[in-house]
Amino acid sequence: MRGTRIVSVLAGLAGLAASGAAHAIAWYFQTPVSGIARDIDQLHQVIMWLIIVIFVGVFGFMFWACYAHRKSKGHRAEQFHENTTVEILWTVIPALILVIIAWPVTKTVIAQKDTAAPELTIKVTGYQWKWGYDYLRGEGEGISFVSMLATPREQIEGGARKGENYLLEVDNEMVVPVGKKIRVIVTAADVIHAWWVPAFGAKQDAIPGFLRDTWFRVDRPGTYRGQCTELCGKEHGFMPIVVRAVPAEDYTKWVGERKQAMAAVAEDPSKTWKVDELVARGEKVYAANCVACHQASGRGAPPAFPPLAGSKVVNGPEPGQIDVVLNGRPNTAMQAFGKQLSDTDIAAVITFTRKSWGNKASEVQPAEVKARRK
Amino acid sequence: MRWITTTNHKDIGTLYLWFSFIMFSVGGLMAVGIRMELFSPGLQVMDPDFFNQLTTMHGLIMVFGAIMPVFVGFANWQIPMMIGAPDMAFARLNNWSFWLLPFAATLLVLSFFMPGGAPGVGWTMYAPLTVQMGIGMDLTIFAVHILGMSSILGSINIITTILNMRAPGMTLMKMPLFVWTWLITAYLLVAAMPVLAGAVTMTLTDRHFGTSFFNAAGGGDPVLYQHVFWFFGHPEVYIIALPGFGVISQVIPAFSRKPLFGYASMVYATSAIAIISFIVWAHHMYTVGMPVTGQLFFMYATMLVAVPTGVKVFNWVATMWKGSLTFETPMLFACGFLFMFTLGGFTGLVLSLVPIDIQVHDTYYVVAHFHYVMVAGALFAAFAGIYFWIPKWTGHMYNETLGKIHFWLTLVFFNMIFFVQHFLGLAGMPRRIPDYPLMFETWNKISSLGAFGMGLAQLLFLYVVIDCIRKGAPAPQKPWEGADSLEWTHLPTPVPYHTFETPPVVK
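Chains A and B, in that order, give the protein sequences.
The opening position of the first sequence corresponds to residue 17 in the working numbering, with each subsequent residue numbered one higher.
The opening position of the second sequence corresponds to residue 68 in the working numbering, with each subsequent residue numbered one higher.
Structure below.
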């Protein structure tokens, strides 16, 4: 009686929870779109069936004993113990089963590690908290961009309705051609991150100071989404990975557009900007790169994330602040933005911080930033 | 004053047990906080920084503050009584190893009130994220040092007691299995805890004294930290699990009214698990990018663990087979342990396979797996042990009906929290995130509701224990028909303050 009541309460709770969620319920691997991911899926299914069989077998014995060998049923205990044959059998048989499992798994491990002869090589760099992509070799060589969470803060912290790809959308997607072997070289600039696209079965820790690699070959065009999977500080949950796989000709088109755009963006760092222009541009750069730590109010979250409002560095001489932004501060979340942002962007964001939240310091022009680069 | 200066193993055992219950409550409150934030997508209750602090401290407090001390409490109470010794070998050392713990716990809790708060690095404290933390990180490192000292001193004491103070006739192979599992665990502790102390000390000097053990820019390697940590961390898993196995090996025969099926093979299997535990550490690190030979070695070694673990499970089931079973609360918890620990063992087998592990590494699948081992394994074993021995300790019976209700509530809510987390992990939800995509909402809601229920159910446990101490019915010398170790056969209930001043003779 009590059992049925518990079951009905549980079913009610499950129904309640399900009705509250507008979204489909995910409970198994994402549909695999690479050979490795398919192998993983199959291995997992085989081993799950095996486990279920063993589980039912072993606990069949236990539950039968619980049912039939109860004292309340008048069952008298037999005093047998130790049986060498049985004990050898239940040691050797599991060992044999393990050997049988190990064989196909070993083949997949070796395939997964084989990053030789790629058609396209992309370097992925983890930053707190975004991903940098550099196309190193193959079609698209030289393309380089930073990819950040595109979900607005109002959806995360406020009551704004959450979009379909909440927390799984970025401003710049990594684009790759389908059917080509793609090697990703993974590293990090600050702490350890992990780059993961579940549908590819590819996950690799990004270790600062070391290069590690993995590979994938996508069968079907589509957009595939994953998240950082190694705790990397405050915004660990907010640095997704989005990969768009497109047919070869679309990829060629994308490479062309991207290169044109990069050429157009290349600005003359010797141009002198008006203060208003710099502040307006700097506000956008700040919102994209700085706001997570230093906050929209400029007050930060001390001591880990120091305030900029009233800061000595921000209100101090220009070269001091330029150096911090260009080179970062070692052993803190303040990273070296020199490699990520253009001279103009850095000048703009520095000027913005020097003119906001009551700060009244002089503006910084792109030429000054260029001069401080080493 | 009696409790501060006591050198009596029973007093110290009681101190350990209450200390671990307090820590269990603190860690449990943190878990409830975590599940509150994860009830719905979006950030509602806390900022991500505080969320990370909670996951870190929940892990550290539960592992070092709750689960390890509860079994040391059992060891203190039971080992001298089970081997026919008057007390532990080093009585003053015993006092000191307990009284180190409150200092360590205070440091851990204090770190929340430091500028920057407690460290938000996960209980594994991976470098180089640790370098970015505030002074709370240093307090945590010192707390780990003190906890390690306490464990090492306690272990030396346990080893000495077992090897030197057995009653005449109590040969090693006649010792109750609980004593055996603790002997092996104590060796694991002595070997593993200094390694952890080394890892956190290197973190400390990297933070403050300009060393570069884990900093590539100075010639170090962040992955070195993980190797050192897990060389401690994997044996630690068995440090937590083995004493629980020992408790279960006492409880199941007692309520089956039948001797343990394969005593000798249980001893060998436990030793085998302990030895293998030192050569499998890198299975926690399949995604760091080690060479294929490394991955294969650690995979095969890890799969090997399944063999002795299987032997243990088969032995327990064979002990129940054709017994004369009754299901008082200790036996219920033992059956719950057997069923769900095996489930955790099976997901462990799944995780041992490199390709599948790479897919689910650092997702909720892993969270579900190790909670099946730690909660359904160690915690259920601890509950089984408490209900089993509390009549002997207090001289009173607990309320059987309430005990059974406590078991069923814990069982249902535990599975509600953690079973669904397997699905979350397979579907791709990373662990240690304060907010998640919408497709994970349903399972997270169920999991959070389960966590709230699990928390409330433990209040019932507290009530049962207090009720038992205050006004439980007097317990007979041997309330469990099938129990046969010395504390039941040779000692009255409640046990006198000093026991076995003249050793019993074991035939």
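Even for Gly, the Cβ is constructed at its ideal location relative to N, Cα and C.
For residue i, is the classification buried or exposed, using 16 other Cβ atoms within 10 angstroms of its Cβ as the cut-off for buried?
i	result
residue 76 of chain B	buried
residue 69 of chain B	exposed
residue 250 of chain B	buried
residue 103 of chain A	buried
residue 477 of chain B	buried
residue 38 of chain A	With a pLDDT of only 49 at residue 38 of chain A, under the threshold of 50, the placement of this residue in the model should not be trusted; the figure read from the coordinates follows. So residue 38 of chain A ends up on the exposed side.
residue 144 of chain A	buried
residue 270 of chain A	buried
residue 465 of chain B	buried
residue 429 of chain B	buried
residue 210 of chain A	buried
residue 565 of chain B	exposed
residue 539 of chain B	buried
residue 106 of chain A	buried
residue 175 of chain A	exposed
residue 79 of chain B	buried
residue 95 of chain A	exposed
residue 351 of chain A	buried
Could you pull the DSSP bridge partners for residue i from this structure?
i	result
residue 228 of chain A	A:202
residue 392 of chain B	A:86
residue 243 of chain A	A:256
residue 136 of chain A	A:198
residue 219 of chain A	A:212
residue 261 of chain A	A:192 and A:238
residue 141 of chain A	A:148 and A:203
residue 153 of chain A	A:137
residue 165 of chain A	A:186
residue 497 of chain B	B:430
residue 480 of chain B	BP columns for residue 480 of chain B are empty, so no partner.
residue 455 of chain B	None, per the DSSP bridge assignment.
residue 160 of chain A	A:150
residue 321 of chain A	A:317
residue 463 of chain B	B:541
Assuming the contact rule is C-beta atoms closer than 8 Å, residue i and residue j should be a hit. Round their C-beta distance to whole Å, please.
i	j	result
residue 458 of chain B	residue 563 of chain B	Wrong, their Cβ atoms sit about 15 Å apart, outside the cutoff.
residue 238 of chain A	residue 49 of chain A	7 Å
residue 398 of chain B	residue 318 of chain B	6 Å
residue 504 of chain B	residue 118 of chain B	No, residue 504 of chain B and residue 118 of chain B are not in contact; Cβ-Cβ is about 16 Å, not under 8 Å.
residue 165 of chain B	residue 449 of chain B	Residue 165 of chain B to residue 449 of chain B, Cβ: 17 Å. No contact.
residue 421 of chain B	residue 366 of chain B	5 Å
residue 341 of chain B	residue 255 of chain B	6 Å
residue 513 of chain B	residue 487 of chain B	5 Å
residue 315 of chain B	residue 445 of chain B	Wrong, their Cβ atoms sit about 11 Å apart, outside the cutoff.
residue 222 of chain A	residue 142 of chain A	4 Å
Give every residue of the same chain whose Cβ lies closer than 8 Å to the Cβ of residue i, excluding the five residues on either side of it in the sequence, and list them in chain order.
i	result
residue 285 of chain A	358, 359, 360, 382, 383, 385 and 386
residue 639 of chain B	The displayed coordinates of chain B run from 68 to 574. Any statement about residue 639 of chain B would go beyond what the structure contains.
residue 361 of chain B	349
residue 81 of chain B	140, 144 and 460
Give me, in chain order, the residues of the same chain whose beta-carbon lies closer than 6 Å to that of residue i; leave out the 5 immediate sequence neighbours on both sides.
i	result
residue 214 of chain B	131 and 171
residue 247 of chain B	334
residue 258 of chain A	186, 189 and 241
residue 369 of chain A	324 and 330
residue 490 of chain B	510
residue 129 of chain B	94
In its own chain, which residues sit with a C-beta less than 7 Å from the C-beta of residue i, not counting the 5 before and 5 after it?
i	result
residue 160 of chain B	220 and 224
residue 158 of chain B	74
residue 232 of chain B	150, 152 and 156
residue 493 of chain B	427 and 432
residue 550 of chain B	321
residue 336 of chain B	375, 378 and 379
residue 525 of chain B	95
residue 84 of chain B	137 and 140
Taking 7 Å as the cut-off, does the CB of residue i come closer than this to any heavy atom belonging to the ligand FMN?
i	result
residue 191 of chain B	With respect to the ligand FMN, the structure shown offers nothing to examine, as it has no ligands at all.
field: alpha helix (DSSP H) runs wholly inside the segment 510-574 of chain B, at least 4 long, in chain order
entry: Within the segment 510-574 of chain B, the alpha helix (DSSP H) runs of at least 4 residues that lie entirely inside it are, in chain order, 553-556.
query: Counting only runs that start and end within the segment 41-119 of chain A, where is the alpha helix (DSSP H) found for 4 or more residues in a row?
result: Listed in chain order, they are 51-84.
task: Please go through the segment 356-392 of chain B and give each complete alpha helix (DSSP H) segment of 4 or more residues, from N-terminal end onward.
output: Runs found: 359-371 and 373-387.
query: For the segment 230-283 of chain B, which segments carrying the alpha helix (DSSP H) assignment without a break, of at least 4 residues, lie completely within its bounds, in sequence order?
result: Correct list: 244-275.
- request: Could you pull out every unbroken alpha helix (DSSP H) segment of at least 4 residues lying fully inside the segment 291-375 of chain A, listed in chain order?
  value: Here the runs fully enclosed are 291-305, 307-310, 334-343 and 359-371.
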